[in-house]
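Residue numbering for the sequence shown follows the numbering used here, beginning at 7 and increasing consecutively. For each residue, glycine too, the CB sits at the ideal point set by N, CA and C.
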Amino acid sequence: MNVDGGCLCGAITYQAVVDPERCAICHCENCQINSGTAFGWVVHIDDGQFELTSGRLKVFETVADSGRRRCLSFCGDCGTRIHAQTPDEPGTFFGLRVGTARQRHLLAPKQQVWCRSSHTWVFDLPMITRNEMQGR
């Protein structure tokens with residue numbers, strides 16, 4: 007499936023070919039901290055299936071919960087995370103942040119990983135009161 011997307015300020019744009027079956031939610035602490043949310047939402051793609059069409063990504067290197075190096079790529083202007091890569095893993099692929107793709111509504115998660123790090127309440131989301139918009 008062809009997707010395109012970019013960052014919040016528009017400085018970064020990309021095109022990619024993704025397999026919707028490779029969408030996942032990651033509950034690792036690294037994803038929680040660097041996304042500022044309860045989990046990361048990614049689609050794993052091969053490096054050759056991603057093309058940066060405008061802008062230049064900044065990269066921050068950290069250590070993931072697995073103990074391996076993790077390279078986080080983001081817009082240097084607005085801070086939007088675009089993808090993450092574990093360079094020590096065999097093969098060349100990375101997790102594209104699904105929220106940055108215009109076609110995100112077509113990319114439902116197919117699995118959850120690092121559930122041992124998840125917040126217990128994330129599995130209760132269907133029971134929490136829903137509002138179509140944020141009220142005052």
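Could you compute how far the alpha carbon of residue i sits from the alpha carbon of residue j?
i       : j      : result
Leu-102 : Gln-91 : 9 Å
His-125 : Phe-45 : 9 Å
His-50  : Thr-43 : 19 Å
For residue i, write down the residues that DSSP places opposite it in a beta bridge.
i       : result
Ser-79  : Val-65, His-89
Cys-32  : Gly-46, Val-119
Gln-21  : Asp-10, Glu-57
Ile-134 : Per DSSP, none; premise fails for Ile-134.
Asp-52  : Phe-99
Give the range of the beta strand (DSSP E) segment to which residue i is assigned.
i       : result
Asn-8   : 8 to 12
Leu-102 : 99 to 103
What are the boundary residues of the alpha helix (DSSP H) that residue i is part of?
i      : result
Ile-39 : 35 to 41
Indicate whether residue i and residue j have their beta-carbon atoms separated by less than 9 Å.
i       : j      : result
Gln-117 : Ile-31 : yes
Leu-63  : Phe-80 : yes
Ile-18  : Ser-60 : yes
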